[in-house]
Every structure is written in C-alpha cells, then in structure tokens.
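Student:
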Amino acid sequence: MKKNMKSLSLALLISLFAVAFTVVKDTTYTVNQQQSKLTWIGRKVGGEHTGTIQLSNGKINWNGKSLTGGTFEVDMSSITNTDVTDKEYNQKLVSHLKSDDFFSTDKYPKARFVITKVTPLANSQSQIKGKLTIKGITKEVEFPATIQASGSQLTARAKVVVDRTLYNIRYGSGSFFDNLGDKAINNEFELNVVLVANKAEVIN
C-alpha cells in the first residue's frame with residue numbers, strides 16, 4: 000500500500016513538473032489589410048484634419064493569453080484626407096503631407112513599428128511598448144491597447160499619440176517657428192488603430 004502511495008505521489012509530482020515547465024508556443028497571426036483600419040487626426044489652431052493610411056503588412060505573436068510581439072509596416076504613400084470635400088484642395092493637402100515638409104514619402108515610403116514589450120493589464124488590455132520608425136528615425140512609443148481573440152482571429156484596438164517633431168517633421172510647429180498665429184499645427188497627431196489578424200502558423 001505504501002509502495003503504491005509513493006508511486007502515485009511520484010507520478011503526481013512528475014506531472015506537476017511537466018505542467019510547470021511546458022513551453023507555450025506562440026502563434027503567428029497575419030494582419031488582414033482589408034479589415035484593418037488606421038485613421039489619423041492632425042490638429043491645428045481652430046480646427047483639425049482627418050484621414051486614413053494603409054498597412055502594407057504586419058504580424059502579431061500570441062501565446063493564447065496575450066501578445067508577445069509583432070512587427071508592422073505602413074505604406075506612407077497611401078495617406079488620404081477624409082474631411083476636405085473640395086477635390087482640388089484635398090489633393091493639395093495630401094500632396095503637402097507627402098512632401099518633405101511632412102512625411103517625405105518618396106524618400107521614406109514605409110513607416111515601421113516593432114513591439115518590444117507587452118505588459119498584460121485587466122479587461123483584455125495590455126500596455127504596448129515598441130519602436131516606431133518614421134522618415135528613417137526610430138523612437139520609442141508606448142500606449143494601451145485592447146486585444147480580443149475569437150477563434151482564429153485577433154482584433155486589437157489602440158490610440159497612439161505621436162510627437163511628429165521627434166521625426167524631424169517641424170512644419171508649422173510653434174516649438175521651432177515664431178509668429179505662426181492661426182497657422183500653427185500641433186506637434187502631436189493621433190493614430191487610431193484597428194488591427195484584424197488571422198492565425199497563420201505555430202512558432203517552434
């Protein structure tokens with residue numbers, strides 16, 4: 000009887016160790032470009048402009064409970080404006096955003112974000128830290144995100160506030176130019192992100 004109890008206890012102990020040291024494999028989710036949406040808001044004295052921009056590709060790593068990493072690229076040449084109804088002025092504004100005054104899309108066609116740290120919070124939220132590269136300049140950004148998993152799909156929502164002057168985008172900035180008056184443009188712009196990603200493969 001004692002021998003059987005010892006064997007049972009040993010088997011149970013081995014099982015507990017096996018569970019404790021089981022490595023949870025991350026799963027890669029590929030971002031769905033059509034279902035994902037990135038919208039921007041740029042504010043100035045007395046008003047604001049809004050628009051969209053497209054992801055060119057992206058991958059998210061998920062361990063079954065939280066994000067563990069991810070890499071995303073944005074097609075800067077896809078930037079649009081959605082609030083100006085006059086076609087000529089709309090095109091002029093978008094061309095200005097693509098110019099060297101702002102994002103220099105001919106020289107720097109891609110922006111990139113790489114997740115470096117994820118801190119899980121309550122209610123499906125996580126604090127995301129990563130490196131954002133715009134115009135060849137890389138800076139660290141941090142923001143909260145809500146991540147939800149449903150079957151083979153992940154949905155992540157976040158608002159990212161970016162200080163454009165850190166990426167040498169100084170046009171209309173009161174921090175660098177005097178007497179701008181009502182032509183001053185806020186240093187920070189918002190990027191509202193909805194990422195939809197589908198399960199791709201298991202990482203060994």
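Quick note, the sequence shown lines up with residues 0 to 203 if you use numbering that gives the first Met the number 0. Even for Gly, the Cβ is constructed at its ideal location relative to N, Cα and C.
1) For the pair the segment 88-104 and the segment 112-126, tell me if three or more CB-CB distances fall below 8 Å.
2) Taking buried to mean at least 16 other C-beta atoms within 10 Å of its own C-beta, is Asn80 buried or exposed?
3) Below 7 Å CB to CB, which residues in the same chain sit around Thr183 once its five sequence neighbours on both sides are set aside?
4) Apart from the five residues just before and just after Ser103, which ones in its own chain have a Cβ nearer than 7 Å to its Cβ?
5) Just mark Gly46 as buried or exposed, buried being the case when its beta carbon has 16 or more other beta carbons within 10 Å.
6) State the start and end residues of the unbroken beta strand (DSSP E) segment that holds Ser149.
7) Taking Cβ to Cβ, would you say Phe112 is nearer than 8 Å to Phe71?
8) Once you ignore the five residues that flank Thr137 on each side, which residues in its own chain have a CB closer than 6 Å to its CB?
9) Under a Cβ-count criterion, where at least 16 other Cβ atoms within 10 Å of its own Cβ denotes burial, should Phe101 be classed as buried or exposed?
10) Does the beta-carbon of Gly50 have 16 or more other beta-carbons within 10 angstroms, so that it is buried, or is it exposed?
11) How close, in whole Å, do the beta carbons of Thr29 and Asn197 come, if the pair is a contact with beta carbons under 8 Å?
12) State yes or no: is the C-beta of Asp74 within less than 8 Å of the C-beta of Lys109?
13) Apart from the five residues just before and just after Tyr166, which ones in its own chain have a Cβ nearer than 6 Å to its Cβ?
14) Rounded to the nearest angstrom, what separates Val195 and Gly57 at their Cα positions?
15) In whole angstroms, give me the CA-to-CA distance for Asp105 and Ile52.
16) Closer than 6 Å by C-beta to Lys128: which residues in its own chain qualify, once you throw out the five before and the five after it? Chain order, please.
17) Using 8 Å for Cβ pairs, my map puts Val218 next to Lys36. What's the rounded Cβ distance?
18) Distance, Cα to Cα, Ala211 vs Asn191?
19) Rounded to whole angstroms, what's the CA-CA distance from Phe188 to Arg169? Just pull it up for me.
20) Can you look up Thr29 in the DSSP assignment and give me helix, strand or coil?
Tutor: Concretely, from the data shown:
1) no
2) buried
3) Checking the displayed sequence, the identity of residue 183 turns out to be Ala instead of Thr. Taken in chain order, the residues that qualify are Lys43, Val44, Gly171 and Gly173.
4) So the qualifying residues of the chain are Lys134.
5) exposed
6) Ile136 to Ser149
7) yes
8) Lys130
9) The residue in question, Phe101, is buried, as its Cβ has 16 or more Cβ neighbours within 10 Å.
10) buried
11) Approximately 6 Å separates the beta-carbon atoms of Thr29 and Asn197; this is inside 8 Å, confirming the contact.
12) Yes.
13) Ile133, Lys134 and Ile136
14) 10 Å
15) 15 Å
16) In chain order, Thr115, Lys116 and Glu141 place their CB closer than 6 Å to the CB of Lys128, counting only its own chain and leaving out the 5 sequence neighbours on each side.
17) Because the chain is modelled from 0 through 203, residue 218 falls outside the range shown and cannot be assessed.
18) The structure shown does not extend to residue 211, since the chain is modelled only from 0 to 203, so the question has no answer here.
19) 12 Å
20) Note: Thr29 maps to strand in three-state DSSP.
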